[in-house]
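Reading through the structure tokens given below for one structure.
Numbering (the working numbering), first residue to last: 369 to 1059.
As structure tokens, this is what we get:
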């Protein structure tokens, strides 16, 4: 018989922790929550202080029975769920189900699953924090009241299977408003003039700046001609040279939102995938002789705080590996927003000495890529700033000024390990200028004016949307990934080239929500509600008061909507072809994996077809079929012959109708980070990359 029973959420976590605690401890998994509100009803008594009705989750009976049996045999039970609101609520539900005293020292928490952290946490058990529990309970009840009251209304008035949640509704609103901005955007013309210049054999680039030192905007072709007329030949003189030294500081270690954004930029991971992999790295991986160990700290956090022990370990590693000059002498301040809870550390490796190369053989490809990203970001955050030498040169020809800028890395610092990605601009690159001095004569080789037009704001990628939700104070670390997943599953938005596009259904639902429930869609209201939940967690306000203030107005709006909201008929879009089986017209339908064609005679006829997109290229392999665009189960586009399975031609790269001029074989468009490059599938023929 074990003296102590420890209950965690997952079997992987249980296995890791049991190894550290020894024979007196038995560690079991609850497999997440054991109790929740019923799915068949609202489960909240609005007339009795919003009392929730909790029941054992279907399928959890055997798990709970096993835990009860083990608890009766143990001298003491410890509840070691995750160190956040959700984990505290899981511990509270377990305590209730197992008849444990919530005021006893039954709760243990740890930010990382390592031997030292686990041993230390069991020296300091505490009572269940009811403020944390109340904050989670308030969010759950609030979302239940919204979802279980508005969703049936949408089913009745619009379409079955719809839902409306606080955070997801605001996310959809942001996507639709961005789409409207794009549609309404009026491009404005502007011009640039690029010049190629020579000093001896050295060629460099400069841009038109202005006249007599004053910056001039070029709005049209006549502006360009007017300023170019002022040039006197092709000889320029160096008017001024400005040299500066500039420091570039590293990005802070990851928090949940920045991890999701950077994993999207650098690894092409969806938010859901990033969090799944991070959970695996946190709960523990078997790494050979060291056994199962948690490789990173807790991954749901909004704080960039780092423990002194981790800072010291990183400094020692950096000094030994890269040299003392790479160790930062500046104590960097944690980045704290007004909404930061600071309950946990930033996301970091549990040991900086556990280099990605040393655990490579024990991790899957994607686990390794994410771990490497976290490891590099953390080590870089603790390194010295990079030092850049910058140079700015003004070239004059009469009154006309061209300006050239260049930079080089004087000391790489943190850039030796890692440079943060960006959604909007290319990563900084070295651009050297020749050694120029005031008075030097320079020849212009080519002056090239170009017309441009301003571009509309970009559609949201997952990374951009997460960043926007975080900036607006909407949602918390645990909500970003599920929110993005839900709005796609409901069919409110779709992903096109990794960017969110609203659907007709999403626009209809948003319009109804704005008319009847404007506060649910109000960004400031939703952010304020998140702050109220934080205040509950901090013990500053009672959760019932927050729910009651919301519900009084919400109930009136709900009554009004039930009587005034008109039914909306969403007509199926004709597909333009007839059903092969019964001859009725086929229509477009929206399914879990996107659009497809279905027979309009449903349910009498259940014929369905995928939507085929032809690209106008005959199949090179069989010579009989045509190449069509297809999608894999993971929604990745690939190209195949329409005679499949008779012809098994397959390509991830888009085939082109023209042949390779060198060997007459198939040309494809290959997507690179820099743009699209046309390549031959057989020989070494390549064309210049197009952005």
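Heads up, the beta-carbon is just placed ideally off N, CA and C, and yes, glycines get one too.
Computed from a predicted model, the values in this text were never measured in an experiment.
Quiz item: Contact check, residue 743 vs residue 717 under 8 Å by CB: the rounded distance?
Solution: 5 Å
Quiz item: Looking at C-alpha atoms only, which residue of 927, 952, 685, 819 is the closest neighbour of residue 593?
Solution: 819
Self-check item: Option nearest residue 809 by Cα separation, candidates 603, 371, 399, 986
Solution: 603
Self-check item: Rounded straight-line distance, which links the Cα of residue 898 to that of residue 1061
Solution: This structure gives no information on residue 1061, because the portion of the chain shown stretches from 369 to 1059.
Quiz item: Could you give the distance in angstroms between the alpha-carbon of residue 503 and the alpha-carbon of residue 643?
Solution: 22 Å
Quiz prompt | Paired residues, beta bridge with residue 1039 - DSSP | solution = 1044
Quiz item: Is residue 1011 helix, strand or coil when you go by DSSP?
Solution: coil
Quiz prompt | One or two residues paired with residue 820 in a DSSP bridge | solution = 558
Quiz item: Is there contact between the segment 938-950 and the segment 969-978, where contact requires at least three CB pairs shorter than 8 Å?
Solution: yes
Self-check item: Assigned exposure category for residue 696 - 16 Cβ within 10 Å defines buried
Solution: buried
Practice problem: Just the C-alpha distance for residue 1058 and residue 788, rounded to the nearest angstrom, thanks. | Solution: 24 Å
Quiz item: What whole-angstrom Cβ distance do residue 500 and residue 456 have, given they're in contact under 8 Å?
Solution: 4 Å
Self-check item: Straight-line gap, residue 1028 to residue 1010 (C-alpha atoms, nearest Å)
Solution: 23 Å
Practice problem: Label residue 1006 either buried or exposed according to how many other C-beta atoms from any shown protein chain fall within 10 Å of its C-beta, with 16 as the threshold for buried. | Solution: exposed
Exercise. Enumerate, from N- to C-terminal direction, the unbroken alpha helix (DSSP H) stretches of 4 or more residues contained entirely within the segment 787-875.
Key: 830-840, 848-857
Quiz item: Between which two residues does the alpha helix (DSSP H) containing residue 648 stretch?
Solution: 639-651
Quiz prompt | Coil, strand or helix - residue 881 by DSSP | solution = helix
Practice problem: Quick one: grab the DSSP three-state call for residue 534. | Solution: helix
Quiz item: Whose CA, out of 428, 741, 926, lies closest to the CA of residue 513?
Solution: 926
Self-check item: Through-space distance from residue 535 to residue 851, alpha-carbon basis
Solution: 7 Å
Self-check item: Own chain residues within Cβ distance below 6 Å of residue 815, not counting five before or after
Solution: 563
Quiz item: What are the start and end residues of each continuous beta strand (DSSP E) run of 3 or more residues lying completely inside the segment 969-1009, in chain order?
Solution: 981-986, 994-999, 1005-1009
Quiz prompt | Simplified DSSP state of residue 613, which is helix, strand or coil | solution = strand
Practice problem: Over the uninterrupted alpha helix (DSSP H) stretch that includes residue 414, give me the two end residues. | Solution: Careful: residue 414 lies outside any alpha helix (DSSP H) and carries neither H nor E.
Quiz item: In the structure shown, what three-state DSSP assignment does residue 385 receive?
Solution: helix
Quiz item: Alpha carbon to alpha carbon, how far is residue 732 from residue 641?
Solution: 13 Å
Quiz item: Between the segment 549-556 and the segment 819-831, do at least 3 Cβ pairs fall closer than 8 Å?
Solution: yes
Exercise. Can you grab the Cα-Cα spacing for the pair residue 884 / residue 913, in whole Å?
Key: 24 Å
Exercise. Give the secondary structure of residue 925 by DSSP, where H, G and I count as helix, E and B as strand, and everything else as coil.
Key: helix
Quiz item: Among residues of its own chain, excluding the 5 on either side of residue 799, which ones have a beta-carbon nearer than 7 Å to its beta-carbon?
Solution: 774, 775
Quiz prompt | Collapsed DSSP secondary structure at residue 577 in the structure displayed | solution = strand
Quiz prompt | Beta-carbon contacts of residue 996 that lie in its chain and below 8 Å, excluding the five residues immediately before and after | solution = 980, 981, 982, 983, 1007, 1008, 1009, 1010
Quiz prompt | Sequence-distant residues of the same chain with beta carbon closer than 7 Å to residue 1000, five excluded per side | solution = 1006
Practice problem: Could you check how far apart the C-beta atoms of residue 1070 and residue 544 are, in whole angstroms? I think they sit under 8 Å. | Solution: This structure cannot speak to residue 1070, because the chain is shown only from 369 to 1059.
Quiz item: Where residue 988 and residue 978 are concerned, what is the direct C-alpha to C-alpha distance, given to the nearest angstrom?
Solution: 23 Å
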